[in-house]
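Under my numbering, the first residue of the sequence shown is numbered 24, with each subsequent residue one higher. Don't be surprised by glycine CBs; every beta carbon is placed ideally from N, CA and C.
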Amino acid sequence: MPSTPLPPGSSYPLAEWERADKLNVEMIGYGWDEKRVMVRFNLPKDRDFDRMQLALALMGRDVKHSKNWQCEFCGAPARESHCQTMSRHHLNPPKLIIYMRFVCDMDERHVRQGLTATHNALNIVHEGRLGPMPSFESFGRRPEGVTYPLAGSCASCQREETAGEDGLKRCSRCKLTRYCSVECQRKDWARHKVACGAIYSATFENWG
């Protein structure tokens, strides 16, 4: 897609995975030591922004639980993620690029510095269209006493002991989301089926 902004309603040359009747989404996850995942979705062409954001938030869980992710900025086990969205929702068909960064703790200084630096670098690439980095206060704070589940744990039960590479099995259809048991996979199906049917591909990079 060209870097020059296109007027609303403009069409653009479609890549192999993109569909003219869908909202085309690229979600790129970043972890420690340049580990990445690129997930491509074809979602219903919904221009209701709130409904679209809810669907993407649910899909973020599938990406988070796809690997034993470590914090992009220090290598500690990742429990949280931060997303930056490049919206081209005004085009035909609409497209979104979501940059998902796995981190250990959003309240840590090194994480905030890293997120600010990566946001500013991306903003240069996108010629300022991401806008300034939002204040961290606007994201809210983690409730006292709450510990978020490890990124590498089962996508359903999210128990700490399920984290890691051994024992978890991927969904055979989407090849992305991982579960510790068939029972957990069945329990999560009502949530996961939206992402499962929309995923075109999931590609992992630099995992050895």
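Going by alpha carbons, who is nearest to residue i out of the options?
i: Val-217; options: Asp-85, Glu-39 and Asp-56; result: Asp-85
i: Gly-220; options: Pro-155, Trp-55, Pro-67 and His-142; result: Pro-67
i: Gln-107; options: Ala-144, Leu-46, Gln-181 and Glu-167; result: Ala-144
i: Leu-199; options: Gly-54, Lys-87, Leu-81 and Tyr-35; result: Lys-87
i: Ser-176; options: Gly-163, Lys-192 and Arg-165; result: Lys-192
i: Glu-131; options: Gly-151, Pro-116, Arg-164 and Met-109; result: Arg-164
i: Arg-102; options: Asn-91, Ser-110, Arg-111 and Ala-80; result: Asn-91
i: Asp-56; options: Pro-36, Gly-98 and Thr-139; result: Gly-98
CA-CA distance, residue i and residue j?
i: Tyr-223; j: Glu-39; result: 10 Å
i: Glu-49; j: Lys-118; result: 8 Å
i: Asp-211; j: Gly-168; result: 26 Å
i: Ile-147; j: Pro-172; result: 33 Å
i: His-215; j: Val-62; result: 15 Å
i: Phe-64; j: Ile-51; result: 11 Å
i: Val-134; j: Phe-96; result: 6 Å
i: Met-24; j: Glu-184; result: With a pLDDT of 46 at Met-24, under the threshold of 50, the modelled position of that residue is not reliable, and no figure is offered here.
i: Met-123; j: Glu-41; result: 20 Å
i: His-149; j: Arg-209; result: 41 Å
Reducing DSSP to helix, strand and coil, say where residue i ends up.
i: Ser-224; result: strand
i: Lys-216; result: helix
i: Gly-175; result: coil
i: Val-86; result: helix
i: Cys-207; result: helix
i: Gln-93; result: strand
i: Gly-149; result: Gly is not the amino acid found at residue 149; the sequence shown has His there. Here His-149 sits in coil by DSSP.
i: Glu-103; result: strand
i: Asn-47; result: strand
i: Thr-170; result: coil
i: Thr-139; result: helix
i: Ser-34; result: coil
i: Thr-200; result: coil
i: Ser-161; result: helix
i: Leu-79; result: helix
Buried or exposed: which applies to residue i, given that a residue is buried once 16 or more other Cβ atoms fall within 10 Å of its Cβ?
i: Ile-121; result: buried
i: Asp-73; result: exposed
i: Trp-230; result: exposed
i: Gln-136; result: exposed
i: Ser-195; result: exposed
i: Ala-225; result: buried
i: Ala-80; result: exposed
i: Gln-76; result: exposed
i: Gly-151; result: exposed
i: Ala-78; result: buried
i: Ser-33; result: exposed
i: Ser-89; result: buried
i: Arg-182; result: exposed
Between residue i and residue j, which are expected to be in contact by the criterion C-beta below 8 Å, what is the C-beta distance as a whole number of angstroms?
i: Phe-125; j: Ser-104; result: 5 Å
i: Pro-100; j: Asp-44; result: Incorrect: roughly 40 Å between the Cβ atoms, too far for contact.
i: Cys-180; j: Cys-127; result: Contact doesn't hold; Cβ gap of about 21 Å is too wide.
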